[in-house]
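Visitor:
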Amino acid sequence: MSLHNIRLEVMLTLEKNIDTFVDKFLIAPEKIWQPTDFLPNSQSEAFIEEVKEIRELSKEMDDDFWVVLVGDTITEEALPTYESWLLDIEGITQHSKDGGDNGWAKWIRAWTGEENRHGDVLNKYLYLSGRVNMREVEITTQHLISDGFDIGTARDPYKNFVYTSFQELATYISHNNVAKIARKNGHKLLSKMSKIIAGDEMRHHLAYTEFVRQIFQHDPSEMMLAFQHMMKHKIVMPAMHLRHSNEAKGTLFDQFSVVAQRAGVYTGFDYVDIIKKLNTTWEIDKISGLTSEAEKARDYLMKLPDRMYRITERIVVPDTKYNFKWMNPLT
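Here my numbering is used: position 169 in the sequence shown is 241, and no number is missing along the way.
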């Protein structure tokens, strides 16, 4: 049987339990938090006063913090891009032969519904804060969605699930660190909001790592090679193609990355720690029945965190002040 067919068989096997995955890792719209739970109630007489409080607290946070929060918001709002490539994975289709609902498509739609709330609440909060130029933010968001990006997985489900396992943990770290900074500066509402978003991301991370764990049980060698491929070529960040209005695709990423590291929201050490955590979560040191090629891949993965940590230690984060249009006054 070809590798292509084996992957399809594994995806079909996992799909049989998709309802269990949905029930375990996702939450119904009526039971989960909604953006309104964290925002001033526009139907309340106290609405204006609550907005004023947000605006006053927001003045205390420095520009680096707001740049990172804007970047997090924009990448959360680029959801149509992520859904489109997930729906294109081998073994996932919106049209089953029997005319029913494809299980994986059901998962992706439900996952998208949960993720959509993150960009929604952050966007509204940025708008109320009075600290950012929302028109410039909106232009960047539209560009990011229309530009799309290649995450380096092709249509391979194994590689895609490595990517989502990694990226969901990265977004957990980012939102969790934003929560810590906001709380330290007395911004309790923003801290609580970011913390609960981080909780969603962790729950999604656990789901995707479970998919990979089960694939390791069915097709260990190919799963190990897919994991190695993704780590060897490095994970493409969703912010990779960030740009300002009237600028070229991707011209803003390096500056944004520097600011995120400088603010302590997402650093090179976080990237290394994620690799180490995935190695541990999937217990790749204990997986048996590997081909010689997959054994070499495992050796590479086991040694990678220490090697990357030494490289990361030598990186110097500049203190350059960048001019982000997001932070300029609206003209």
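Don't be surprised by glycine CBs; every beta carbon is placed ideally from N, CA and C. Just so you know, these numbers come straight off a predicted model, no measurement behind them.
Can you grab the Cα-Cα spacing for the pair Lys321 / Gly202, in whole Å?
Guide: 27 Å
Visitor: Relative to the C-alpha of Tyr394, which candidate in Val331, Glu355 and Leu373 has its C-alpha closest?
Guide: When each option's Cα is compared against that of Tyr394, the closest is Val331.
Visitor: Can you give the Cα-Cα distance for Leu362 and Pro292, rounded to whole angstroms?
Guide: 6 Å
Visitor: Tell me which residue opens and which closes the alpha helix (DSSP H) that His76 is part of.
Guide: Leu75 to Glu87
Visitor: Quick check on Ser364: does DSSP put it in helix, strand or coil?
Guide: helix
Visitor: Please report how far the alpha carbon of Asn257 lies from the alpha carbon of Asn232, in whole angstroms.
Guide: 37 Å
Visitor: Between which residues of its own chain and Ser237 is the CB-CB distance below 7 Å, once the five residues before and five after are set aside?
Guide: His277, Tyr280, Thr281, Val284 and Leu350
Visitor: Can you confirm whether the segment 252-271 touches the segment 189-207 when touching is taken to mean that 3 or more C-beta pairs between the two stretches lie within less than 8 Å?
Guide: yes
Visitor: Considering just the uninterrupted stretch of the alpha helix (DSSP H) at Ile104, what are its terminal residues?
Guide: Careful: Ile104 lies outside any alpha helix (DSSP H) and carries neither H nor E.
Visitor: On the three-state DSSP scale, how would you describe Val340?
Guide: The residue you asked about is not Val; residue 340 is Gly in the sequence shown. Three-state DSSP puts Gly340 in a helix.
Visitor: Kindly indicate which three-state DSSP category Ser116 falls into: helix, strand or coil?
Guide: coil
Visitor: Helix or strand or just coil, what does DSSP make of Thr403?
Guide: Low confidence applies to Thr403: its pLDDT is 49, below 50, so where it sits in the model is not reliable enough to give any reading.
Visitor: DSSP three-state label for Lys393, please.
Guide: coil
Visitor: Can you tell me the Cα-Cα spacing of Tyr343 and Thr92, whole angstroms?
Guide: Tyr343 and Thr92: Cα-Cα distance of roughly 30 Å.
Visitor: Which whole-angstrom value is the C-beta distance of Leu373 and Phe325, which I expect to be below 8 Å?
Guide: Wrong, their Cβ atoms sit about 26 Å apart, outside the cutoff.
Visitor: Can you tell me whether DSSP reads Asn248 as helix, strand or coil?
Guide: helix
Visitor: With a threshold of 16 other CB atoms inside 10 Å of the CB of Pro112, please say whether the residue is buried or exposed.
Guide: Result: buried.
Visitor: Check whether the Cβ atoms of Ala226 and Ile346 lie closer than 9 Å to each other.
Guide: No; because the gap between Cβ atoms is not below 9 Å, this pair is not in contact.
Visitor: Mind checking if Gly202 is an interface residue toward chain D, Cβ cutoff 9 Å exclusive?
Guide: Looking for chain D here will not work: only one protein chain is present.
Visitor: Using C-beta distances below 6 Å, list every residue in its chain close to Ala251, excluding the 5 sequence neighbours before and after it, in chain order.
Guide: A distance below 6 Å between beta-carbons, with the five flanking residues on each side excluded, links Ala251 to the following residues of its chain, in chain order: Ser263, Ser266 and Lys267.
Visitor: To which residues of the same chain is Lys397 closer than 6 Å at the C-beta, ignoring the five residues directly before and after it?
Guide: Glu208 and His316
Visitor: Going straight from the alpha carbon of Thr403 to that of Val234, what length do you get?
Guide: Confidence in Thr403 is poor, its pLDDT being 49 and thus under 50, which makes the residue's placement too unreliable to answer from.
Visitor: Just to confirm the assignment, what range does the alpha helix (DSSP H) spanning Gly322 have?
Guide: Under the DSSP assignment, Gly322 falls outside any alpha helix (DSSP H); it carries neither an H nor an E label.
Visitor: If I measure Cβ to Cβ from Leu159 and keep anything under 7 Å in the same chain, skipping five residues before and after, which residues do I get?
Guide: Gln166, Ala177 and Ile180
Visitor: Classify His305 as buried or exposed, calling it buried when 16 or more other Cβ atoms lie within 10 Å of its own Cβ.
Guide: exposed
Visitor: Less than 8 Å between the CB atoms is what I'm expecting for Ile217 and Pro152, so what's the real figure, rounded?
Guide: 6 Å
Visitor: Express the C-alpha separation of Ile120 and Asp136 in angstroms, rounding to a whole number.
Guide: 27 Å
Visitor: Check whether the Cβ atoms of Glu162 and His190 lie closer than 9 Å to each other.
Guide: no
Visitor: With 16 other CB atoms within 10 Å as the buried threshold, where does His247 fall?
Guide: buried
Visitor: Just to confirm, are Ala254 and Leu297 a CB contact at a threshold of 9 Å?
Guide: Not a contact, by the Cβ cut-off of 9 Å.
Visitor: Give me, in chain order, the residues of the same chain whose beta-carbon lies closer than 8 Å to that of Met295; leave out the 5 immediate sequence neighbours on both sides.
Guide: If you ignore the 5 residues before and after Met295, its C-beta comes within less than 8 Å of the C-beta of Tyr230, Val284, Ile287 and Phe288, all in its own chain and listed in chain order.
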